[in-house]
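In what follows, a single structure is set out as structure tokens and then discussed.
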Amino acid sequence: MDALIDLLPELWKASIETLYIVALTLFFGGLGGLLVGLGLYLTRAGSILENKPLFFVLNLLVNFIRPIPFIIFLAAAQPLARAVTGSGIGNNAIIFTIALAASFAMARIVEQNLLTVTPGVIDAARSVGAGPVRIIFTVLLPEALGPLILGYTFIFVALVDMSAVASYVGGGGLGSFALTYGYRQFNPIVTWAAVLLIIVLVQFVQFFGNYLARKALRR
Amino acid sequence: MAVVSLRNVGKVYPPTAKDGASVTAIDAVSLDVEAGDIYGIIGYSGAGKSTLVRLVNALERSTSGEIWVNGQNIAALRERELRRVRLGIGMIFQQFNLLGSRTVARNVAYPLEVAGYPKEQRAARVAELLDFVGLSDKAGSFPDQLSGGQKQRVGIARALATQPSILLADEATSALDPETTHEVLALLKRVNAEFGVTIIVITHEMDVIQTIATKVAVMDQGRVIERGPVFDVFSNPQAAASARFVSTVVKGVPSAAELAVLRERHAGRIVTLTFRDSAVDQKAVFGELSTAGVAFEVVYGGINEIQGRPFGHLTLALTGADAVIDQVLDHIRTLTTVTEVR
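Line by line, the protein sequences give chains A and S.
Using my numbering, read the first sequence as starting at 36 and increasing by one per residue.
Using my numbering, read the second sequence as starting at -13 and increasing by one per residue.
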């Protein structure tokens, strides 16, 4: 317990780091996922920008990357992370790698949520002369907003998980804190303190996501 | 002048599987819809009627033929060019297809936004349209707070927003109960009468055609098998499928089973008389029977009115001497069609 009290500044720093990593990966991964998900949705057979070759490529890419266990993806993507961020380790490198992995995971969620929009609504928009860009912003995204928010809430939890795993290649945060000061120093109280913080963080975000989704769905 | 004119229009879907056959949804259809018509297109599901109406605003593209809308062959236009054409064609749907994330007012405003109306004009036009469909008090409601009939009225308001000259109704009342159906049909009639909007109505319910259409085309297997003024098709259907549709709303000639029941109850002769328009004087027909002293009983049939013109069939069981009946039937044959049923 005393050890934990001594470590409070470290714990605080680790919490902030986790929030920083998760916030940035949520932004970049979320944006990437939205783009790839929209791409999958729009180019599929019968959709408004049907494009079989492009759909095939996107679909293959997502199927290819998604099943890779994250810890292996971290190692495999390290050269790419180094090329983009200048370093293969550290927070910037792992933010890049997590965002990349999250993009492909999120892409499927976005695609599935967009598929819940009834095609008839898109027909209605087309029948009054709306073009594809307008349909994306005035029909697809607003109509799927509730499920999309829940999808992003879901991916948030996955990001917290990935950020902890990424401490393996020198990322900071609560995962790294638990490993360094708890697990390796045989101090379960320190580990559990980190676990508790993560649970609180996830619960809070889940609650907030549910609230926003309810508002969007007006239920 | 025809506002919508289809010339040998075809729609063939490519095979879905590698060794599959292509599917012909629309097979060389030619059709003229005149300004001010309420043109009904009826057919069983799979007959191609929904595909046909979706060709008119190019939600689906034809694979052959010409589609003239307001003097422009839209089959030759590209998607981008079509957007302007679509502003002149409203459409309502079976499932209403309202935007669930928008209020009633913003749903109606949607086509105006697309067409680039300034904001003040949009608000005024939306108020006008909601007043027309009787939903001014629902402007701030969301679609899921409305009944089916109210949703369709919003759909109609939205479809009319940009003052189109043509309105396409794709099974617009098929998801509604009979009473609501008649409210919506009455509204469509007003749209036609007050704004002069030409309406194309797709339906599988003959009742809808009977209530509002002025002309009708019957579709079967991607072809138009019969067409004409509603009165003509109803009173004298030529194709078998047309006759089946007509029989769903018009009590006509008894079926074989019904006839067997009639036979059990009436030992005498049974005849069916056709009354079509005021060309046949019912009083004269029944006068002949009375004068000849032939007693009769109406056992089956009905007289319908289509666009203010009566027509129908009456089946009579006659009591009297055979020779007298033969004589009086000869007289009646000069007045109308007599079919003796055995």
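C-beta: ideal position from N, C-alpha, C; glycine also.
From what residue to what residue does the alpha helix (DSSP H) around residue i run?
i, result
"residue 178/S", "164 to 181"
"residue 53/A", "43 to 78"
"residue 201/S", "That residue, residue 201/S, is in no alpha helix (DSSP H); its beta strand (DSSP E) goes 201 to 206."
"residue 214/A", "Taken as a continuous stretch (DSSP letters only), residue 214/A belongs to no alpha helix (DSSP H), as it is neither H nor E."
"residue 239/S", "Segment: none, residue 239/S is in no alpha helix (DSSP H) and carries neither H nor E."
"residue 216/S", "216 to 221"
"residue 156/A", "154 to 162"
"residue 140/S", "134 to 146"
"residue 170/A", "167 to 170"
So which residues of chain S does residue i contact, with C-beta pairs closer than 8 Å?
i, result
"residue 180/A", "87"
"residue 168/A", "Going along chain S, no residue has its Cβ under 8 Å from residue 168/A, so there is no contact; the nearest lies around 12 Å."
"residue 145/A", "Under the 8 Å cutoff, chain S gives no residues; its nearest Cβ is about 17 Å from residue 145/A."
"residue 177/A", "85, 87, 88"
"residue 174/A", "85"
Looking only at C-alpha atoms, which of the options sits nearest to residue i?
i, options, result
"residue 310/S", "290/S, 327/S, 280/S", "280/S"
"residue 194/S", "74/S, 61/S, 81/S, 292/S", "292/S"
"residue 73/A", "87/A, 214/A, 112/A, 176/A", "176/A"
"residue 33/S", "52/S, 12/S, 25/S", "12/S"
"residue -4/S", "47/S, 22/S, 317/S", "47/S"
"residue 304/S", "99/S, 114/S, 285/S", "285/S"
"residue 65/A", "212/A, 102/A, 142/A", "142/A"
"residue 44/A", "216/A, 250/A, 174/A", "216/A"
"residue 159/A", "133/S, 75/S, 135/S", "75/S"
"residue 200/A", "125/A, 86/A, 243/A, 247/A", "125/A"
"residue 248/A", "232/S, 163/S, 217/S, 87/S", "87/S"
"residue 119/S", "155/S, 24/S, 145/S, 44/S", "145/S"
"residue 136/A", "103/A, 168/A, 121/A", "103/A"
What would DSSP say about residue i, mapped onto helix, strand or coil?
i, result
"residue 187/A", "helix"
"residue 301/S", "strand"
"residue 253/A", "coil"
"residue 277/S", "helix"
"residue 156/S", "strand"
"residue 131/A", "helix"
"residue 294/A", "Not covered by the structure: residue 294/A. The range shown for chain A is 36 to 254."
"residue 213/S", "strand"
"residue -11/S", "strand"
"residue 79/S", "strand"
"residue 272/S", "helix"
Run down chain A in chain order and give the residues with a C-beta less than 8 Å from the C-beta of residue i.
i, result
"residue 205/S", "Neighbours of residue 205/S on chain A: none; closest Cβ ~20 Å, over 8 Å."
"residue 81/S", "153, 155"
"residue 97/S", "163, 164"
"residue 41/S", "Residues of chain A passing the Cβ test: none, with the nearest at roughly 13 Å."
"residue 72/S", "161, 162, 163, 164"
"residue 128/S", "253"
Given that residue i touches chain S, what residues does it touch there, using C-beta distances under 7 Å?
i, result
"residue 165/A", "100"
Below 9 Å on C-beta distance, what does residue i contact in chain A?
i, result
"residue 45/S", "158, 161, 162"
Name the two residues that bound the continuous beta strand (DSSP E) containing residue i.
i, result
"residue 325/S", "324 to 327"
"residue 107/A", "Where residue 107/A is concerned, there is no enclosing beta strand (DSSP E), although the alpha helix (DSSP H) it sits in stretches over 105 to 111."
"residue 259/S", "255 to 262"
"residue 197/S", "Per DSSP, residue 197/S belongs to no beta strand (DSSP E); it is in the alpha helix (DSSP H), 192 to 198."
"residue 91/A", "Note, residue 91/A: premise wrong, no beta strand (DSSP E); alpha helix (DSSP H) at 87 to 100."
"residue 314/S", "Residue 314/S -> not in any beta strand (DSSP E); alpha helix (DSSP H) instead, spanning 308 to 319."
"residue 188/S", "184 to 189"
For a contact defined as C-beta to C-beta under 7 Å, what are the partners of residue i on chain A?
i, result
"residue 69/S", "164, 166"
Please decide whether residue i counts as near chain C, where near means a Cβ-Cβ distance under 8 Å.
i, result
"residue 310/S", "Within the model displayed, chain C is absent; protein chains A and S are what it includes."
Going residue by residue through the segment -5 to 65 of chain S, where are the continuous alpha helix (DSSP H) segments of at least 4 residues, counting only ones entirely within it? List check, alpha helix (DSSP H) in window: 35 to 42.
Can you list, in chain order, the stretches of the alpha helix (DSSP H) that have 4 or more residues and sit fully within the segment 82 to 116 of chain S? Taken in chain order, the whole alpha helix (DSSP H) runs of length 4 or more contained in the segment 82 to 116 of chain S are 90 to 101.
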